[in-house]
Structure formats: C-alpha cells, structure tokens
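What follows is a short report on a single structure.
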Amino acid sequence: MAYEDEYDDYEEELRSDRRRRLQLYLLILLLACGIGLGVLWNRIVITVQSGEAGVLYRWLSGTELSRIYGEGLHIIWPWNKMNIYNVRLQTKERNYTMLTRDGLPVDLQIAVRYQPDVRLLPLLHVTVGPDYLEKIVFPETEAVLRRSVGQYTPEQVYTSKRGFLETVVIRSLTSVEDRYVIVDDVLVRNVELPAAVRLAIENKLTLSEQEKAYTYRLQIEQKEAERKVIEAEGIKKYQNIVKQSLTEDLLRWQGVQATKDLASSPNSKTVVIGSGKDGLPLILGSDR
21 MAYEDEYDDY EEELRSDRRR RLQLYLLILL LACGIGLGVL WNRIVITVQS GEAGVLYRWL
81 SGTELSRIYG EGLHIIWPWN KMNIYNVRLQ TKERNYTMLT RDGLPVDLQI AVRYQPDVRL
141 LPLLHVTVGP DYLEKIVFPE TEAVLRRSVG QYTPEQVYTS KRGFLETVVI RSLTSVEDRY
201 VIVDDVLVRN VELPAAVRLA IENKLTLSEQ EKAYTYRLQI EQKEAERKVI EAEGIKKYQN
261 IVKQSLTEDL LRWQGVQATK DLASSPNSKT VVIGSGKDGL PLILGSDR
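Residue numbers for the sequence shown follow our numbering, so the first one is 21 and each next one is one higher.
Given below as structure tokens:
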C-alpha cells in the first residue's frame, strides 16, 4: 500500500508539473501574440481618413485592381499592404526658369491644382505610384510651359497678357489626364524678368499710358472747340433774327417807354437837354 501511495503521489506531481508547464507555454504564447499584434497593429488595422482612398497590394496576387478602399476601418493580413492616396483637390507651387522667343530668361511661379482620378486609382498606383506629382504633373507642366513661353516676347509674358499661358497650359495637359491625374487649373502666380528688361517694359508701358492720356485730352479740346463753333453759330443766327425784327418805329417806341420809366423812378434825377438822335430826349440821372 505504501508503494502504491508513493506512486500515486508521483503521478500527481507529474500532472501538476505538466499543468504548470502548459500554463507557462500558454502565457508565453499569449505574450508573444500580444507583442506581435502590437507590432503589426498598423499593418493589420488600416484606417482610411476622410478625403482618402486605398489600394491594396496582396503579397500573393499583387495589386487589387478591381476594388478601391474608401473611408473607414479595414482589416487586412499583415503581409499585405494598403497604399493610401489623398484624393482631394490639392494645389502645389513650383518655380521655373524659361526662355522667351528672344532668348531672354523669365522666372515663373506656377501653381497647379490637381487630384488623382479616384476611379482609376489602382491603375495610377501600378503605372506611376504615389510620387505621381513629381513624375507626371510637374514635368508635363514644365514641358508645356517651355513650348508656350518660347513663342512669345518678354513683354507679352510680363504684362496682363500672360493669362494666355494659363489657357495654353490647361489645353495642352491632356497627356497628364491620360495618366490618371486630373489637372483642374494652372495659375501663373508671379513673373520675374531681368531688371533691365523689366525696367524697359515698365517705361514703355508708362509712355504708352501717357500717350493715351494726351490723346484723350486732345479729343476733349477738339470737342470743346466744336462746341464753341456751334455756340457762335447759334448766337449769330439769333442776332440776325433780332436784327431783322427791329425797325426805326419800334426802336423809337422802346426809347419813349424807357424815358417814361426813368422819369417816374423815385430814385433818379432826370435832366432833359435838347433832343437826341431820332427826336428822343437826352436823359441824365443819378441814384440817391
């Protein structure tokens, strides 16, 4: 019996040891899984923010071309990779140095407003990649600008006529849209010419404005001269009409009426000396 009891105690001790080792293994496994999950959390749990879209690359089959992952939470295997793109309308600026038709350099500050075509985002990821701005948008914009600027003079580029550059660039950027990027607008923010060229253009523009001002003043003076001629002709016609209506009897009657009015005025002193021309009296008077 003692032997059996010892054997039972031994068996119980072995089972307890196995349980402890099993618990230890489970604890180690849980710790390893927790550490692995913490390390790979960002590769497993993917959050696509507002204004973004994702393209999934599968380790076994490559880029998933048939699906675009929208906003929200996505769970993927850690050996796969989610590539997230900003699909909002964005604006980036770049400075370029171009040569005009005369061979003079001009510095342009260009702002490009663009966004990737969401419908073709997987194709953009496969053919170009996330760095599509530097690989497509800016190089194509620079190529079109060089062709456009090279056709015009520095004055045309520097003055307000430079709006034609924006129109030409937008119309010519079809090759960018063929590569799954939408260019909404191209703006010329600033134009800088060599100081001597800029000064010469500004002086020319100033003289041009002065010439316009002088021309305008001459037109005003000419209109004023025409107005005076018309006024003089009107006065002449009026005098001719009045002259034709005046007779000696009418003038004599008007003189008599004026004499009577002066004679009846309380504030005048009347002296009649002989008679004047046409038989009218001579009247001298002074106010008191």
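Even for Gly, the Cβ is constructed at its ideal location relative to N, Cα and C.
Everything numeric in this text was worked out from a predicted model, so none of it was measured.
For residue i, count neighbouring Cβ atoms within 10 angstroms of its own Cβ and tell me buried if that reaches 16, exposed if not.
i       : result
Ser-168 : buried
Ile-156 : buried
Gly-74  : buried
Leu-144 : buried
Glu-91  : exposed
Ile-261 : exposed
Pro-174 : buried
Ile-130 : buried
Tyr-200 : buried
Tyr-258 : exposed
For a cutoff of 8 Å on Cβ pairs, would you count residue i as touching chain B?
i      : result
Ile-88 : Protein chain content of the structure displayed is limited to a single chain, and chain B is not contained in it.
Write down the C-beta distance between residue i and residue j rounded to the nearest angstrom, noting that I regard them as a contact closer than 8 Å.
i       : j       : result
Met-118 : Leu-128 : 6 Å
Val-196 : Glu-154 : Their Cβ separation, rounded to whole angstroms, is 13 Å, which puts Val-196 and Glu-154 out of contact at 8 Å.
Leu-88  : Val-138 : Note that residue 88 is Ile in the sequence shown here, rather than Leu. Confirmed, Cβ separation roughly 7 Å.
Asn-100 : Tyr-77  : 6 Å
Arg-209 : Glu-113 : 7 Å
Leu-93  : Thr-67  : 6 Å
Val-126 : Leu-213 : 6 Å
Where residue i and residue j are concerned, what is the direct C-alpha to C-alpha distance, given to the nearest angstrom?
i       : j       : result
Arg-35  : Ala-52  : 25 Å
Leu-11  : Gln-171 : In the structure displayed, the chain extends from 21 to 308; residue 11 sits before or after that span and is not available.
Gly-254 : Glu-244 : 15 Å
Pro-150 : Leu-207 : 24 Å
Asn-106 : Pro-136 : 8 Å
Leu-140 : Glu-72  : 14 Å
Leu-49  : Ile-55  : 10 Å
Ile-95  : Arg-38  : 37 Å
Val-189 : Val-146 : 27 Å
Trp-61  : Gln-43  : 26 Å
Val-1   : Arg-133 : Residue coverage of the chain in this structure runs from 21 to 308, which leaves residue 1 outside it and unanswerable.
Trp-79  : Val-65  : 17 Å
Ser-81  : Pro-142 : 14 Å
Gln-242 : Glu-231 : 16 Å
Val-59  : Arg-40  : 28 Å
Arg-247 : Tyr-236 : 17 Å
Pro-98  : Ser-86  : 21 Å
Gln-69  : Val-148 : 22 Å
Asp-198 : Gly-123 : 32 Å
Arg-121 : Ile-250 : 53 Å
Ile-240 : Ala-233 : 11 Å
Glu-31  : Arg-63  : 47 Å
For the beta strand (DSSP E) that residue i lies in, which residues bound it at each end?
i       : result
Glu-162 : Taken as a continuous stretch (DSSP letters only), Glu-162 belongs to no beta strand (DSSP E), being part of the alpha helix (DSSP H) at 158-169.
Leu-93  : 92-95
Leu-5   : Since the displayed the chain opens at 21 and closes at 308, residue 5 lies outside it and no answer follows.
Leu-207 : 201-212
Can you check DSSP and say which residues form a bridge with residue i?
i       : result
Asn-106 : Glu-72
Tyr-89  : Gly-74
Arg-114 : Ile-130
Gly-82  : Arg-78
Gln-230 : Answer is none; Gln-230 lacks a bridge partner.
Ile-66  : His-94
Lys-101 : Tyr-77
Gln-135 : Ile-202
Leu-119 : Pro-125
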